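Chemist: Starting off with a structure, shown below.
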Amino acid sequence: MDHSAPRSARVRAPELIGKGGWLNTGGRQYTVADLRGRIVILDFWTFCCVNCLHVLDELRELEEKHRDTVVVIGVHSPKFVHEAEHQAVVDAVERYGVEHPVLDDPELATWKQYAVRAWPTLVVIDPEGYVVAQHAGEGHVHAIERLVAELETEHAAKGTLRRGDGPYVAPEPEPTVLRFPGKAVPLPGGNFLVSDTTRHQLVEFAEDGESVLRRIGSGARGFADGSADEAAFNEPQGLALLDDDSVVVADSVNHALRRLDLTTGEVTTLAGTGRQWWQGSPTSGPSREVDLSSPWDVAWWQGRVWIAMAGVHQLWAYDPTDGTVAVTAGTTNEGLVDGPGGEAWFAQPSGLAATPERLWLADSETSALRWVEPDGSVHTAVGTGLFDFGHRDGAAEQALLQHPLGVTALPDGSVAVSDTYNHALRRYDPATGEVTTLATDLREPSDAVLAGDDIVVVESARHRLTRLRLPEEAVKVPDVAHRTQREATEVTPGRLRLDVIFQAPTGQKLDVRYGPSTRLLVSATPPELLRSGEGAGTDLSRALELDPAVKEGVLHVSAMAASCDDDPANEYPACHVHQQDWGVPVRLTEAGTGRLPLVLAGMDA
Numbered sequence: 315m316d317h318s319a320p321r322s323a324r325v326r327a328p329e330l331i332g333k334g335g336w337l338n339t340g341g342r343q344y345t346v347a348d349l350r351g352r353i354v355i356l357d358f359w360t361f362c363c364v365n366c367l368h369v370l371d372e373l374r375e376l377e378e379k380h381r382d383t384v385v386v387i388g389v390h391s392p393k394f395v396h397e398a399e400h401q402a403v404v405d406a407v408e409r410y411g412v413e414h415p416v417l418d419d420p421e422l423a424t425w426k427q428y429a430v431r432a433w434p435t436l437v438v439i440d441p442e443g444y445v446v447a448q449h450a451g452e453g454h455v456h457a458i459e460r461l462v463a464e465l466e467t468e469h470a471a472k473g474t475l476r477r478g479d480g481p482y483v484a485p486e487p488e489p490t491v492l493r494f495p496g497k498a499v500p501l502p503g504g505n506f507l508v509s510d511t512t513r514h515q516l517v518e519f520a521e522d523g524e525s526v527l528r529r530i531g532s533g534a535r536g537f538a539d540g541s542a543d544e545a546a547f548n549e550p551q552g553l554a555l556l557d558d559d560s561v562v563v564a565d566s567v568n569h570a571l572r573r574l575d576l577t578t579g580e581v582t583t584l585a586g587t588g589r590q591w592w593q594g595s596p597t598s599g600p601s602r603e604v605d606l607s608s609p610w611d612v613a614w615w616q617g618r619v620w621i622a623m624a625g626v627h628q629l630w631a632y633d634p635t636d637g638t639v640a641v642t643a644g645t646t647n648e649g650l651v652d653g654p655g656g657e658a659w660f661a662q663p664s665g666l667a668a669t670p671e672r673l674w675l676a677d678s679e680t681s682a683l684r685w686v687e688p689d690g691s692v693h694t695a696v697g698t699g700l701f702d703f704g705h706r707d708g709a710a711e712q713a714l715l716q717h718p719l720g721v722t723a724l725p726d727g728s729v730a731v732s733d734t735y736n737h738a739l740r741r742y743d744p745a746t747g748e749v750t751t752l753a754t755d756l757r758e759p760s761d762a763v764l765a766g767d768d769i770v771v772v773e774s775a776r777h778r779l780t781r782l783r784l785p786e787e788a789v790k791v792p793d794v795a796h797r798t799q800r801e802a803t804e805v806t807p808g809r810l811r812l813d814v815i816f817q818a819p820t821g822q823k824l825d826v827r828y829g830p831s832t833r834l835l836v837s838a839t840p841p842e843l844l845r846s847g848e849g850a851g852t853d854l855s856r857a858l859e860l861d862p863a864v865k866e867g868v869l870h871v872s873a874m875a876a877s878c879d880d881d882p883a884n885e886y887p888a889c890h891v892h893q894q895d896w897g898v899p900v901r902l903t904e905a906g907t908g909r910l911p912l913v914l915a916g917m918d919a
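Residue numbers for the sequence shown follow our numbering, so the first one is 315 and each next one is one higher.
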């Protein structure tokens with residue numbers, strides 16, 4: 315039985331348009347017609363989104379293997395206001411080692427033409443310029459690889475395949491000491507250790523924050539233990555002092571925690587397998603046997619190393635006494651929900667700072683500052699959810715941040731927030747409940763550490779550490795509030811049919827060995843929007859009942875499907891999990907649609 319997508323309706327690929335123009339092409343502009351003869355994979359991404367970063371890494375091998383037939387084009391489609399800034403996209407392309415052309419589409423023009431609804435989304439265009447597949451979320455590259463092989467065979471036979479070099483032109487490397495550094499930690503003697511993320515190294519600086527004492531790591535993307543020269547990291551981020559002579563490193567793309575011996579420079583692996591955690595993987599156990607997912611920061615709190623597990627919207631902890639890791643808070647659902655650790659929702663937690671009473675965290679995708687109590691409960695100081703952000707000071711309940719990545723505990727009990735996309739350092743004082751601005755004109759600050767009366771900021775997009783006097787007075791800034799610039803889908807009040815489309819890749823079938831292989835979870839903001847249809851189930855289609863009294867809101871949809879190789883002769887077929895979370899802004903109107911299709915994989919017939 316053929317489970318592949320029906321090839322009946324042939325849709326011409328819409329034109330590639332974006333006000334920001336093309337990057338990584340040596341200045342050349344491209345049209346769909348220019349790419350005729352190639353298999354084109356459009357990757358709709360935005361640089362804030364960790365799932366998009368996972369897909370960039372998933373695509374690397376496919377790009378290498380099919381470099382003479384496949385052209386990957388990143389279509390940068392911003393969620394936050396800062397991401398619509400051209401220079402920020404230029405920076406992100408270098409920061410994450412994107413080695414294919416990127417179209418900067420700040421107004422989401424191409425996103426709308428291709429009816430994309432989620433970051434990340436991959437669209438495959440055949441050599442004749444027709445759209446043949448669409449996939450939302452992660453875990454689809456094996457399926458696309460199979461489709462590419464089919465298309466290569468089919469179009470080679472038809473004479474419509476054109477092999478050769480692709481349009482990618484590498485930019486000139488810049489000779490800065492650091493390149494998009496991520497995090498820093500003060501060392502016992504007064505020096506600083508910094509994660510030089512884009513160069514896959516750690517750098518130790520003298521007290522001045524400028525003189526380089528040593529580099530740890532080969533500088534090549536990889537996963538290897540050994541001496542300072544031999545060890546390899548892959549976009550290292552967070553750092554925490556474990557004891558006086560060792561530092562824990564959140565090695566984000568290796569999905570691992572590493573340990574640096576400060577005396578010898580030796581690097582070893584504390585936790586992680588190098589593989590990314592997927593739904594159904596163990597959530598606790600011996601630390602070297604459990605998969606992790608994009609650990610972004612680490613902090614020592616209550617006898618354990620707490621981990622901001624950005625890739626699955628959770629907090630985990632590593633216990634050095636028995637060498638185990640375990641989830642401590644979060645359900646893997648993305649959003650902002652407070653409460654007991656096991657029920658809380660996070661959205662890409664990216665920064666941690668511990669005080670004896672609280673573990674503070676920067677929850678980047680909800681533009682929130684949150685904290686965990688010693689009893690494990692989760693609370694929010696600043697931030698309201700996935701769609702509201704801006705730069706607004708004042709009472710915490712109405713203050714706004716924009717995708718903060720770092721948080722620093724200050725001596726007076728307040729916290730400094732590295733408010734990354736606002737290019738600012740902000741302060742929240744629990745005693746007064748007020749948010750103020752300490753400094754502006756920084757460039758994508760991602761962390762800050764105390765040094766005496768000063769604060770040293772990791773100014774990521776200026777590739778340096780910047781020392782500031784902790785000011786007595788806050789800086790006055792004009793209030794700015796934003797909502798994510800995505801047009802709401804107009805839907806009818808009352809009944810709405812939700813269809814998640816999933817077609818197993820060619821040569822695969824749904825994995826039903828252990829019961830249903832699909833899962834659908836639906837909720838809404840505000841919760842009153844849904845009269846019925848919320849909760850978890852196994853059917854990928856569901857009838858929702860929307861309350862006509864609620865004029866607009868957001869439907870949160872999370873879908874998962876597992877497929878396995880369909881070969882009766884193989885006793886151990888390879889299986890793959892496909893998953894995606896959508897936040898769909900909706901507006902209720904009589905003229906709206908009664909059906910909401912979301913493509914997980916395949917084509918909506």
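By construction, the Cβ of each residue, glycine as well, lies at the ideal position given by its N, Cα and C atoms. Note that the structure is a prediction, hence the values are computed from the model and not measured.
#1: Rounded C-beta distance between Asp382 and Arg528? I'm assuming under 8 angstroms.
#2: Could you give the distance in angstroms between the alpha-carbon of Glu452 and the alpha-carbon of Ser872?
#3: Suppose the cutoff is 6 angstroms on Cβ atoms and the five residues either side in sequence are ignored; what does the same chain contact list for Glu372 look like?
#4: Closest by CA to Arg757, which one among Arg741, Tyr735, Asp767?
#5: Assign Gln716 to one of three DSSP states: helix, strand, or coil.
#6: Measuring straight from C-alpha to C-alpha, what distance separates Pro654 and Asn365?
#7: Can you tell me whether Gly530 is buried or exposed, with buried defined as 16 or more other CB within 10 angstroms of its CB?
#8: Between the Cα of Leu376 and the Cα atoms of Ile353, His390, Ala398, which residue gives the shortest distance?
#9: Which word fits Asp316, buried or exposed, when buried means at least 16 other C-beta atoms lie within 10 angstroms of its C-beta?
#10: Taking Trp336 as part of the beta strand (DSSP E), name the residues at either end of that continuous run.
#11: Let me know the secondary structure DSSP gives Cys366 once reduced to three states.
#12: Suppose you measure from the CA of Glu468 to the CA of Thr645; what does that come to, to the nearest Å?
#13: DSSP state of Arg811, grouped into three classes?
#14: CA-CA distance, Val462 and Glu842?
#15: Report the partner residues of Gly851 according to the DSSP bridge assignment.
#16: Taking Cβ positions, are Thr694 and Arg684 nearer each other than 7 angstroms?
#17: Comparing C-alpha positions only, which one of Phe703, Asp881, Pro481, Trp896 sits nearest to Leu824?
#18: Is it buried or exposed, Val763, if we count other Cβ atoms within 10 angstroms and call 16 or more buried?
#19: State the Cα-Cα distance for the pair Tyr742 and Val814, rounded to the nearest angstrom.
#20: When we look at the beta-carbon of Tyr886 and count the other beta-carbons within 10 Å, is it buried (16 or more) or exposed?
#21: Any idea which residues DSSP pairs Arg856 with across the strands?
#22: State the Cα-Cα distance for the pair Ser525 and Val771, rounded to the nearest angstrom.
#23: Please state if the CB of Val868 and the CB of Thr803 are separated by a distance shorter than 7 angstroms.
#24: Buried or exposed for Ile331, going by 16 or more other Cβ atoms inside 10 Å?
#25: With DSSP as the reference, label Ala546 as helix, strand or coil.
#26: How would you write the range of the beta strand (DSSP E) that His693 sits in, first residue to last?
#27: Just to confirm my understanding: we take Leu858, look at its own chain, exclude 5 residues before and 5 after, and list those with CB closer than 6 angstroms. What are they?
#28: Please state if the CB of Asn338 and the CB of Val445 are separated by a distance shorter than 7 angstroms.
Modeler: On the basis of the supplied data:
#1: Not really, about 41 angstroms apart at Cβ, beyond 8 angstroms.
#2: Cα to Cα, Glu452 sits roughly 12 angstroms from Ser872.
#3: Around Glu372: Val455.
#4: Comparing alpha-carbon positions, the option among Arg741, Tyr735, Asp767 lying closest to Arg757 turns out to be Tyr735.
#5: Looking at Gln716 - three-state DSSP - the assignment turns out to be coil, as it is neither helix nor strand.
#6: Each residue's alpha carbon lies about 26 angstroms from the other.
#7: For the sequence presented, residue 530 should be read as Ile rather than Gly. Taking all protein chains shown into account, Ile530 has 16 or more neighbouring C-beta atoms within 10 Å of its C-beta and is therefore buried.
#8: Nearest of Ile353, His390, Ala398 to Leu376, Cα basis: Ile353.
#9: Note that Asp316 scores 39 on pLDDT, short of 50, meaning its location in the model is unreliable; the coordinates nonetheless yield the value given after this. By the 10 Å Cβ count, Asp316 comes out exposed.
#10: Per DSSP, Trp336 belongs to the beta strand (DSSP E) from 335-337.
#11: In the three-state DSSP reduction, Cys366 falls in the helix class (H, G or I).
#12: For Glu468 and Thr645, the distance between alpha carbons rounds to 44 angstroms.
#13: For Arg811, the three-state secondary structure derived from DSSP is strand.
#14: CA-to-CA, the gap between Val462 and Glu842 works out to about 44 angstroms.
#15: Partner(s): Leu834.
#16: Yes, the Cβ-Cβ distance between Thr694 and Arg684 is below 7 angstroms.
#17: Checking every option, the nearest Cα to that of Leu824 belongs to Asp881.
#18: Residue environment analysis places Val763 among the buried positions, since at least 16 neighbouring C-beta atoms fall within 10 angstroms of its C-beta.
#19: Whole-angstrom Cα-Cα distance: 41 angstroms.
#20: Tyr886 comes out exposed.
#21: Leu812.
#22: A direct Cα-Cα distance of roughly 16 angstroms separates Ser525 from Val771.
#23: Cβ atoms of Thr803 and Val868: not closer than 7 angstroms.
#24: Classification for Ile331: exposed.
#25: Per DSSP, reduced to three states, the secondary structure at Ala546 is strand.
#26: Judged by DSSP secondary structure, His693 falls within the beta strand (DSSP E) whose first and last residues are 692-696.
#27: In the same chain as Leu858, and ignoring 5 residues on each side of it, the C-beta atoms closer than 6 angstroms to its own belong to Leu810, Leu812, Gly847, in chain order.
#28: No.
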